[in-house]
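Student:
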Amino acid sequence: MKNSMNSILTLQDISISFGGIKAVNQLSLDVRNQEIFAIIGPNGAGKTTAFNIISGLYRAQAGSVLFSGTDITNLLPHQIAHLGMGRTFQNLELFTLMSVEDNLMAARHMHTKTNFWNELIRNKKVKDEEEQNRKKVHEILSFLNLGEVANKKVTDLGFPIQKRVELGRALALEPKLLLLDEPAAGLNFVETAELSELIKSIRGDLGITVLLIEHDMSMVMSISDRIIVLDYGKEICLGVPEEIQNDARVVEAYLGKRDSHA
Amino acid sequence: MQSVNKKVLKNSSLVLIVVLLLLAPLYISNYLLYLVGVILIMAIVAQGLNTMIGWGAIFSFGQPGFMAFGAYFGAIISRLFPMLPFPVILILTAVASALIGFVIGFPCLRLRGFFLAMATYGFSSALFVLINFFNNLTGGNEGMYVAPPTFGPMVLSSIESIFIMIVIIGVLTQFFVSNISKSRTGHAWRSIRDGEIAAASLGINIAREKLKLFTFGSCLGGVGGVLYAYLIGYLQADFFSIMGLSFFLILVVGGIGTVWGPLLGSVIMMLIPQVFGGLFNQSMNLVYGAILLIFVLIAPNGLLGMFGSLITNVKSRGKA
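Going line by line, the protein sequences match chains L and E.
Residue numbering for the first sequence is 352 to 613, as defined by the working numbering.
Residue numbering for the second sequence is 4 to 323, as defined by the working numbering.
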């Protein structure tokens with residue numbers, strides 16, 4: 352089984368329902384190491400719910416989630432983050448009262464070893480480690496072309512920049528797997544093209560596996576290695592972009608069944 | 004270069020203020036020493052609440068309770084064990100207050116906002132009742148006298164020596180809080196305030212960090228309490244139960260979530276009665292109420308927040 356050897360994230364028959372509505376229904380998928388994998392589907396298809404199960408915000412009512420060899424089905428969000436999973440949110444969840452730099456510094460939490468007592472007296476160990484973290488944070492900020500705004504408050508920035516800050520915060524975790532929930536939403540054509548290059552470089556240069564939800568089809572088709580299409584919480588089809596584009600079931604899910612009289 | 008100069012200027016002015024405070028007994032009256040002492044104590048306790056609200060969005064009404072606990076705990080053990088030197092009593096009180104904070108925080112921090120406020124208010128109220136109930140230890144309604152602190156063979160009964168201890172603890176509090184605010188823990192606490200879901204997604208254990216924060220803030224409440232006990236030399240539960248909202252008032256005036264806001268707020272709130280006359284009487288509540296209203300409506304971030312944003316506005320205008 353070459354695939355399972357290579358896979359970083361495996362969902363096995365996960366289901367969750369809210370008040371009788373099956374938001375995710377026996378979903379299985381397998382994300383391979385260093386892959387760009389996209390989840391698409393109409394609104395309400397269960398994409399974000401699946402993300403929330405993977406990152407631990409929801410607990411699957413059935414099935415299991417494996418992340419780099421560990422069963423994370425019943426783990427809490429912070430425990431999953433410690434295993435190397437970072438994510439962004441559909442409706443930005445930035446720390447709005449902090450500067451851009453501090454948003455990323457907060458993400459260095461699990462890479463910082465100093466304890467509370469050392470921090471109280473702020474000894475050399477604390478300062479050294481903080482310096483290392485700051486260096487790493489500024490590396491990431493310049494990777495994302497955010498060096499200029501490092502000391503600005505996030506609320507003083509425009510929406511596209513805020514989205515990039517949130518991406519930076521997830522990268523500051525140094526994750527193995529990055530979950531992006533609609534990274535292109537609200538971006539214009541040029542910004543979307545830049546984002547595509549950025550995501551490719553996150554995979555290519557940083558070696559991070561990317562799992563993304565996206566509605567911008569041209570972007571999804573151009574950067575994804577594989578795509579899964581969901582509707583009503585279920586898989587409709589799975590394959591490389593060409594297969595998805597030519598699949599009648601996908602067209603049907605988005606546009607509805609062709610009228611038999613036509 | 005400029006930022007280095009600024010830092011030197013800031014540090015040297017801080018050192019100057021601390022030296023002036025430490026030497027204050029030489030040049031100000033005992034009444035003023037007492038007043039400045041109370042200001043510093045209120046600032047220490049308010050700093051505890053400041054970290055809870057300003058960094059963790061933990062709206063605790065427990066601070067008067069923790070202050071009372073610290074005061075009575077310190078007073079009782081110094082009476083039971085007269086040989087214990089002052090620093091030991093201080094540390095024991097700090098540890099005991101932190102422990103109580105931990106025990107109270109563990110169940111209460113599952114709650115949020117209004118319900119957390121009510122639960123912590125319940126703690127404070129219950130404590131005041133307990134203080135009056137155990138009257139053989141605490142003197143009940145009649146109150147209890149506090150033995151002057153000792154240090155080895157020395158009895159530090161003069162207000163001057165107590166004042167200097169308060170200054171030292173006040174400086175340490177500011178030092179610790181400013182260090183924490185820059186550190187890993189400070190970032191974690193503030194990220195919890197701004198968004199628990201995002202903080203968890205960064206590997207921050209929300210429950211643990213909140214408990215740590217509540218314990219820290221409670222500890223400051225208790226430390227302020229024991230210093231207060233020594234300063235005034237006599238305790239009654241009512242002293243603390245009437246404090247109710249004053250710590251919130253101090254924070255609203257000074258600036259919630261800033262390192263220096265609690266101190267600034269304490270200075271202003273304790274000086275106002277000096278200007279308007281009569282500490283804690285009926286008409287003062289009118290003044291306090293008016294101040295609270297004005298600040299909440301016009302400057303919800305307090306004086307420091309207001310000046311802070313003014314300064315950044317001027318700076319960014321200069322750049323443009």
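Backbone N, C-alpha and C define an ideal beta-carbon position, used for all residues, glycine too.
1. Could you pull out every unbroken alpha helix (DSSP H) segment of at least 4 residues lying fully inside the region 502-532 of chain L, listed in chain order?
2. Kindly indicate which three-state DSSP category L/Arg459 falls into: helix, strand or coil?
3. Quick one: residues in its chain with C-beta nearer than 7 Å to the C-beta of L/Glu386, no 5 flanking neighbours on either side, listed in chain order?
4. Identify whether L/Glu586 lies in helix, strand or coil by the three-state DSSP scheme.
5. Give the residues from the region 33-52 of chain E that approach chain L closer than 7 Å (Cβ to any Cβ), ordered along the chain.
6. In angstroms, rounded to a whole number, what distance separates the CA positions of L/Glu452 and E/Ile134?
7. Could you work out which residue in E/Gly258, E/Leu306, E/Met309 and E/Leu114 is closest to E/Gln50 when comparing CA atoms only?
8. Closest by CA to L/Arg383, which one among L/Ile359, L/Ser493, L/Pro393 and L/Thr543?
9. Please classify L/Lys398: is it buried, with 16 or more other beta-carbons within 10 angstroms of its beta-carbon, or exposed?
10. Per DSSP, what kind of secondary structure is E/Asn8 in: helix, strand or coil?
11. When the cut-off is 9 Å and only beta carbons count, does L/Phe388 lie next to chain B?
12. To the nearest angstrom, report how far apart L/Val571 and L/Ser547 are at their CA atoms.
13. With a threshold of 9 Å between beta-carbons, can L/Ser406 be considered close to chain E, or not?
14. Taking C-alpha atoms, which residue in E/Lys185, E/Gly77 and E/Ile162 lies nearest to L/Glu482?
15. Closer than 8 Å is the cut-off here; do at least three beta carbon pairs connect the region 4-24 of chain E with the region 149-164 of chain E?
16. Give the straight-line distance between the Cα atoms of E/Gly146 and E/Tyr237, rounded to the nearest whole angstrom.
17. Using a Cβ cut-off of 9 Å (strictly closer), state whether E/Phe109 contacts chain L.
18. Name the residues in the region 194-217 of chain E whose C-beta lies less than 8 Å from a C-beta of chain L; which are they?
19. Per DSSP, which residues does E/Val170 bridge with? Please list them.
20. Who are the Cβ neighbours of L/Glu542 in its own chain at under 6 Å, not counting the five residues just before and after it?
21. Please look up how many angstroms separate the CB atoms of E/Gly73 and E/Gly225, rounded, as I've assumed it's under 8 Å.
22. For E/Ile245, report the span of its alpha helix (DSSP H) as first-last.
23. Mapping the DSSP letters down to three states, classify E/Thr153 as helix, strand or coil.
24. When you compare only the Cα positions, how much space is there between L/Pro592 and L/Met456?
25. Thinking C-alpha only, which one of E/Val229, E/Gln239 and E/Ile301 is nearest E/Pro90?
26. For a contact defined as C-beta to C-beta under 7 Å, what are the partners of E/Phe179 on chain L?
27. How about E/Leu306 and E/Leu267: are their beta carbons less than 9 Å apart?
28. Looking at L/Leu524 and L/Gly437, is the spacing between their C-beta atoms short of 9 Å?
29. Just the C-alpha distance for E/Ala78 and E/Ala150, rounded to the nearest angstrom, thanks.
30. Taking the runs of the alpha helix (DSSP H) that are 4 residues or longer, which of them lie wholly in the region 247-272 of chain E?
31. If the criterion is Cβ atoms closer than 9 Å, does the pair E/Leu254 and E/Gly264 meet it?
32. Counting only beta-carbon separations shorter than 9 Å, does L/Leu524 have a partner in chain E?
Tutor: Taking the coordinates as given:
1. Those alpha helix (DSSP H) runs which fall completely within the region 502-532 of chain L and span 4+ residues are 510-522.
2. coil
3. Thr560, Asp576 and Arg577
4. strand
5. Listed by position along the chain: nothing, the set is empty.
6. Within the model, the alpha-carbon separation for L/Glu452 versus E/Ile134 is close to 48 Å.
7. Nearest option by C-alpha distance: E/Gly258.
8. L/Ile359
9. It is buried - the Cβ of L/Lys398 has at least 16 other Cβ atoms within 10 Å.
10. helix
11. Judged by its chain identifiers, the structure shown contains no chain B, and its protein chains are L and E.
12. 9 Å
13. yes
14. Out of E/Lys185, E/Gly77 and E/Ile162, E/Lys185 has the C-alpha closest to the C-alpha of L/Glu482.
15. no
16. Rounded to the nearest whole angstrom, the C-alpha separation of E/Gly146 and E/Tyr237 is 7 Å.
17. Chain L contact via Cβ: absent.
18. Ser194, Arg196, Asp197, Gly198, Ile200, Ala201, Ala202, Ala203, Ser204, Leu205, Gly206, Ile207, Asn208, Ile209 and Lys215
19. Beta-bridge pairing links E/Val170 to no other residue.
20. Pro511
21. 3 Å
22. Where E/Ile245 is concerned, there is no enclosing alpha helix (DSSP H), given that its DSSP letter is neither H nor E.
23. strand
24. 37 Å
25. E/Val229
26. Leu471
27. yes
28. yes
29. 7 Å
30. 249-257
31. yes
32. yes
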